[in-house]
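J.:
Protein chains: 2
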Amino acid sequence: MTEEPSGGDLSRLRQLNGLAVIRALRDDKALTLTELAKRTGLSRASTEDVARELIGRGWVAEVEPTAGTVGRPARRYRFRADAGRVLGVDIGGHTIRALVTDLDGEVLNSATLAVTPQLGRRQRFAALDACVSTALAGAGVASDQIWSTGVATTGLVDGTGRVMLSDSLTEWTGVDLAAHLRRLVPAPVRVENDSKLAALAESWRGVARYAKDVVFLLAGVRTGTGLIIDGKLHRGFGNAAGEIGALPAAGWLRAPDHLRAWSGGKDEFEDVFLAARDGDRDAVRAVRRYTRDIAVGVSALVLTLDPELLVVGGGFSRSADLVVQPLRRELDRWCLRTPEIRVSTFGDEGVALGAVRLALEQVEAALSGGAELASAEIFGATGRN
Amino acid sequence: MTEEPSGGDLSRLRQLNGLAVIRALRDDKALTLTELAKRTGLSRASTEDVARELIGRGWVAEVEPTAGTVGRPARRYRFRADAGRVLGVDIGGHTIRALVTDLDGEVLNSATLAVTPQLGRRQRFAALDACVSTALAGAGVASDQIWSTGVATTGLVDGTGRVMLSDSLTEWTGVDLAAHLRRLVPAPVRVENDSKLAALAESWRGVARYAKDVVFLLAGVRTGTGLIIDGKLHRGFGNAAGEIGALPAAGWLRAPDHLRAWSGGKDEFEDVFLAARDGDRDAVRAVRRYTRDIAVGVSALVLTLDPELLVVGGGFSRSADLVVQPLRRELDRWCLRTPEIRVSTFGDEGVALGAVRLALEQVEAALSGGAELASAEIFGATGRN
DNA sequence: TACATTATTAAGGAGTCCATCATTATTGAC
DNA sequence: GTCAATAATGATGGACTCCTTAATAATGTA
Numbered sequence: 085m086t087e088e089p090s091g092g093d094l095s096r097l098r099q100l101n102g103l104a105v106i107r108a109l110r111d112d113k114a115l116t117l118t119e120l121a122k123r124t125g126l127s128r129a130s131t132e133d134v135a136r137e138l139i140g141r142g143w144v145a146e147v148e149p150t151a152g153t154v155g156r157p158a159r160r161y162r163f164r165a166d167a168g169r170v171l172g173v174d175i176g177g178h179t180i181r182a183l184v185t186d187l188d189g190e191v192l193n194s195a196t197l198a199v200t201p202q203l204g205r206r207q208r209f210a211a212l213d214a215c216v217s218t219a220l221a222g223a224g225v226a227s228d229q230i231w232s233t234g235v236a237t238t239g240l241v242d243g244t245g246r247v248m249l250s251d252s253l254t255e256w257t258g259v260d261l262a263a264h265l266r267r268l269v270p271a272p273v274r275v276e277n278d279s280k281l282a283a284l285a286e287s288w289r290g291v292a293r294y295a296k297d298v299v300f301l302l303a304g305v306r307t308g309t310g311l312i313i314d315g316k317l318h319r320g321f322g323n324a325a326g327e328i329g330a331l332p333a334a335g336w337l338r339a340p341d342h343l344r345a346w347s348g349g350k351d352e353f354e355d356v357f358l359a360a361r362d363g364d365r366d367a368v369r370a371v372r373r374y375t376r377d378i379a380v381g382v383s384a385l386v387l388t389l390d391p392e393l394l395v396v397g398g399g400f401s402r403s404a405d406l407v408v409q410p411l412r413r414e415l416d417r418w419c420l421r422t423p424e425i426r427v428s429t430f431g432d433e434g435v436a437l438g439a440v441r442l443a444l445e446q447v448e449a450a451l452s453g454g455a456e457l458a459s460a461e462i463f464g465a466t467g468r469n
Numbered sequence: 085m086t087e088e089p090s091g092g093d094l095s096r097l098r099q100l101n102g103l104a105v106i107r108a109l110r111d112d113k114a115l116t117l118t119e120l121a122k123r124t125g126l127s128r129a130s131t132e133d134v135a136r137e138l139i140g141r142g143w144v145a146e147v148e149p150t151a152g153t154v155g156r157p158a159r160r161y162r163f164r165a166d167a168g169r170v171l172g173v174d175i176g177g178h179t180i181r182a183l184v185t186d187l188d189g190e191v192l193n194s195a196t197l198a199v200t201p202q203l204g205r206r207q208r209f210a211a212l213d214a215c216v217s218t219a220l221a222g223a224g225v226a227s228d229q230i231w232s233t234g235v236a237t238t239g240l241v242d243g244t245g246r247v248m249l250s251d252s253l254t255e256w257t258g259v260d261l262a263a264h265l266r267r268l269v270p271a272p273v274r275v276e277n278d279s280k281l282a283a284l285a286e287s288w289r290g291v292a293r294y295a296k297d298v299v300f301l302l303a304g305v306r307t308g309t310g311l312i313i314d315g316k317l318h319r320g321f322g323n324a325a326g327e328i329g330a331l332p333a334a335g336w337l338r339a340p341d342h343l344r345a346w347s348g349g350k351d352e353f354e355d356v357f358l359a360a361r362d363g364d365r366d367a368v369r370a371v372r373r374y375t376r377d378i379a380v381g382v383s384a385l386v387l388t389l390d391p392e393l394l395v396v397g398g399g400f401s402r403s404a405d406l407v408v409q410p411l412r413r414e415l416d417r418w419c420l421r422t423p424e425i426r427v428s429t430f431g432d433e434g435v436a437l438g439a440v441r442l443a444l445e446q447v448e449a450a451l452s453g454g455a456e457l458a459s460a461e462i463f464g465a466t467g468r469n
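Which chain is which? The protein sequence lines are A and B, in order. Counted the way the numbering used here counts, the first sequence spans residues 85 to 469. Counted the way the numbering used here counts, the second sequence spans residues 85 to 469.
1) If distances are taken between C-alpha atoms only, which option among B:Pro270, B:Asp93 and B:Arg110 comes closest to B:Glu448?
2) Under 8 Å, with one C-beta from each stretch per pair, do the region 213-231 of chain A and the region 422-437 of chain A reach the 3-pair mark?
3) How many Å lie between B:Ile378 and B:Ala339 at the Cα?
4) Kindly indicate which three-state DSSP category B:Ala130 falls into: helix, strand or coil?
5) In this structure, does DSSP put A:Tyr294 in helix, strand or coil?
6) Applying a beta-carbon distance threshold of less than 8 Å, which residues of chain A neighbour B:Ile328?
7) Can you have a look at A:Asp186 and say buried or exposed, based on whether 16 or more other CB atoms are within 10 angstroms of its CB?
8) Quick check on the burial criterion: 16 or more other C-beta atoms within 10 angstroms. Buried or exposed for B:Gln202?
9) Taking DSSP as the reference, what is the three-state secondary structure of B:Ala324?
10) Closer than 7 Å, Cβ to Cβ, to anything on chain A: give me those residues from the region 272-302 of chain B, in chain order.
11) Taking the alpha helix (DSSP H) that B:Ser279 belongs to, which residues open and close that run?
12) Is DSSP giving B:Phe209 helix, strand or coil here?
13) Buried or exposed, going by whether 16 or more other CB atoms sit within 10 Å of the CB of B:Glu146?
14) Taking DSSP as the reference, what is the three-state secondary structure of B:Ala234?
15) Against chain A, which members of the region 391-424 of chain B pass a CB distance test of less than 9 Å?
16) At least one CB of chain B closer than 8 Å to the CB of A:Ala460: is that the case?
17) In chain order, which beta strand (DSSP E) runs of at least 3 residues are fully inside the region 375-448 of chain A?
18) Which runs of the alpha helix (DSSP H) fall wholly inside the region 238-280 of chain B and span at least 4 residues, in chain order?
19) Closest to A:Val395 by CA distance: which of A:Leu444, A:Arg293 and A:Lys350 is it?
20) Can you find a C-beta in chain B that's less than 8 Å from the C-beta of A:His318?
21) Only counting runs of 3 or more residues, tell me where the beta strand (DSSP E) segments fall wholly within the region 331-362 of chain A, in order along the chain.
22) Less than 8 Å between the C-beta atoms of A:Gly290 and A:Gly310, yes or no?
23) Is any beta-carbon of chain A found at less than 8 Å from that of B:Arg136?
24) B:Leu442 and B:Glu276 look like a contact to me (Cβ under 8 Å); what is the Cβ gap, rounded to whole Å?
25) Buried or exposed: A:His178, going by 16 or more other Cβ atoms within 10 Å of its Cβ?
26) If the criterion is Cβ atoms closer than 8 Å, does the pair B:Leu393 and B:Arg426 meet it?
27) Cα-Cα, which of A:Ala303, A:Ala271, A:Arg266 and A:His264 is closest to A:Ala282?
28) Comparing alpha-carbon positions, which option in A:Arg369, A:Gly168 and A:Lys113 lies nearest A:Gly224?
29) Grouping DSSP H, G and I as helix and E and B as strand, with all else coil, what is A:Arg486?
30) Compare the C-beta of A:Gly239 with all C-beta atoms of chain B and state if any pair is closer than 8 Å.
31) Tell me the rounded alpha-carbon separation between B:Thr124 and B:Gly381.
32) For a quick check, are the C-beta atoms of A:Gly239 and A:Ser279 less than 8 Å apart?
33) Taking DSSP's pairing of strands, which residues face A:Glu146 in a bridge?
34) Please report the straight-line C-alpha distance between A:Gly152 and A:Ala158, rounded to a whole angstrom.
35) In this structure, does DSSP put A:Gly315 in helix, strand or coil?
36) Could you list which residues in chain B have their beta carbon closer than 8 Å to that of A:Asp213, in chain order?
This is the structure in structure tokens:
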């Protein structure tokens, strides 16, 4: 939300103060003017002025004053999260998920659709369209009410929203996801890799909320990573940051093979972990070998970035109790300082939440006067030049 | 230089505009009011007002108007880089170097002193003191005229300016460098690892000037790295970012052995490179093996960060023609996208320049109202609350 | 010398913020 | 029920910063 603080007009100052008020209101349920004034550092009079303007713009609303206190009851204000809606979509190999949320990221409705990695491009698009429509309909939101869309997909994504490379989805390389979604929902679209967005979700409202530098490990059938550096998602020059798995020495490609071997070559991993938890020798060994292979690459990430936190998410995080301990031991062997390790609590929904966050980042950029947004009635007025 | 743009007073706006003017003036030699106004986006009248105030504060000076143009000659303004002085110190194993510069980082005087890694703590401190004194005296600057000091040293450094761990310097672990330098020069001191500061120098005014994400490789007797992420030096939670050399798989510890073997175990590397350039089979092979060992770790850094640029500096960068090509080939083998590789042009002075930059960052932080600085006469007036 | 060009100076107006004080609404004690 | 005490609201005036416009000044060229 921070931008270059280059000076300017008086209106620029008003805009900054408006942003400060909104930020204060977003952090709390509702605040009185005096509280707001204290939090923003403005005088009461100015705060009132700013608040009045924000109400006029539709960003802020008044709520019932609370009774029961001494003195004249204060009017209280809240951020109008219901002023707009955003859409977050996760296009995975096995599921497509769409979330409709308000401007606080509060989920209004979600839709999930089972698919397979082998689906062709047209079928996958059809499933995507159906899933989005269901989510919108269930939330009672028309597509032109959506302010911004965020999309997660496997593979490498370029800056314009095109899939540059996807190993795990058939006929997916080269797809222009942004264009497709813009046809579906007339709002700005941003597309990003799923592991990166899962990391973003953790940093937004997950276990990595208070950490500045985070390595996120998506442990599942595929292994992926997302890096949060200085509180922001790090993409890299070619959007390929965190692809340490490409290094053969890291051994990420063969890592799941240890688990596959136990289950007879199939991609069914529930059982290995169950057996390992029951003490099955072979299963325990398979899990340990898997962890050891993963750990080399993770060590490279950790040594490179020296993060405060390592977050483990993805399908295997349900069996985190089996993975975290050996992982920590392995990291202790290689790293100068093993970071704290935490397990994601989002389950399957992390990626989609990250997509929501991506959409919200666009809204916030527009709020501070950067990008454009569809709903110009409200937004255009904010970016008055 | 960017901070949180939280709003506030009207004076805050003036401060922001003052900063914008200073920034514009620092980018150019000298500007007229009209040019300044265009660049800052302010009106001419306001620009004049701001400029007048900055002149009063000592930050800006008027220069001779240029003759020979049509119309009334415009007054021209420049940033007063001579308003203050900063000190940058590089404490290396074999040399201690001190630079005295103005606020533009223009070197006024430099002093170098040869030392050895085996020097005891007291002797090293004595050499340091002598070097700093020489540099100050040669520049005609008294120690209390220094606004800010930056220090580079080998090893891990903590946030308070204490050396947490130094392998290559004897009796250096645990030294409180910041405290020692504050006794020498009464100004705020910041201490940082030498490789990190060399990277900072490249990103400041070296070959990495225009890149946002950079991996800097210090190739020499020791191998070190510095990471620039999103234009800023990345330190890591424990200030240990980039220490990929700790990973045995990276092979950085044994890498110089290939070169040492050629020269009979001594730390004399000039000859190997000379011989290799002359086509000596064994020398060429030694260099290639060295490069191959280095490349694994570099690949890990590159795959992690996906930087735009890889900069090679340090002692071996003088023989860059021999190292860069094989390095690129090795990286092509491992990396998804090999970044552009450039060679530092700073020679030995890069680290000290980075220390200067560290000092200047402190000055700029104080300018934008963050930290405190010694010379309160000028600075205190800026941070008027 | 007149004119075109460009910069400076001055004045008036608008927007934003702050401090202060009178006013209003509510609670709790008598 | 009346009266302090408390705390928020509303209104006024002042200060600061920026912008626009118009008049004035300095230089080069025809």
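From the three backbone atoms N, C-alpha and C, an ideal C-beta is built for every residue, glycine too.
T.: With the given structure in hand:
1) When the alpha-carbon of B:Glu448 is set against those of B:Pro270, B:Asp93 and B:Arg110, the nearest one is in B:Arg110.
2) no
3) 6 Å
4) Note on identity: in this sequence residue 130 of chain B is Ser, with Ala being the wrong assignment. Three-state result, B:Ser130: helix.
5) coil
6) Ala384, Leu387 and Thr388
7) buried
8) exposed
9) coil
10) Answer set for the region 272-302 of chain B: Asp297.
11) Asp278 to Arg289
12) helix
13) exposed
14) Residue 234 of chain B is actually Gly in this sequence, not Ala. Secondary structure at B:Gly234: strand, using DSSP grouped into helix, strand and coil.
15) Pro391, Glu392, Leu393, Trp418, Cys419, Leu420, Arg421 and Pro423
16) Low confidence applies to A:Ala460: its pLDDT is 41, below 50, so where it sits in the model is not reliable, and the reading given next is rough at best. With 8 Å as the cut-off, A:Ala460 does not count as an interface residue toward chain B.
17) 393-397 and 424-427
18) 261-268
19) A:Arg293
20) yes
21) none
22) For the 8 Å CB-CB criterion, A:Gly290 and A:Gly310 do not form a contact.
23) Closer than 8 Å to the CB of B:Arg136 there is not a single CB belonging to chain A.
24) By a beta-carbon distance limit of 8 Å, B:Leu442 contacts B:Glu276. Their separation comes to about 6 Å.
25) A:His178 comes out exposed.
26) yes
27) A:Ala303
28) The shortest C-alpha separation from A:Gly224 is found at A:Gly168.
29) Absent from the structure is residue 486 of chain A, since the part of chain A shown begins at 85 and ends at 469.
30) At a cut-off of 8 Å between beta-carbon atoms, A:Gly239 makes no contact with chain B.
31) As the crow flies, the alpha-carbon of B:Thr124 is around 44 Å from that of B:Gly381.
32) No. Outside cutoff.
33) A:Tyr161
34) 11 Å
35) If DSSP states are grouped into helix, strand and coil, A:Gly315 belongs with coil.
36) In chain order: nothing, as chain B lies at least about 32 Å away.
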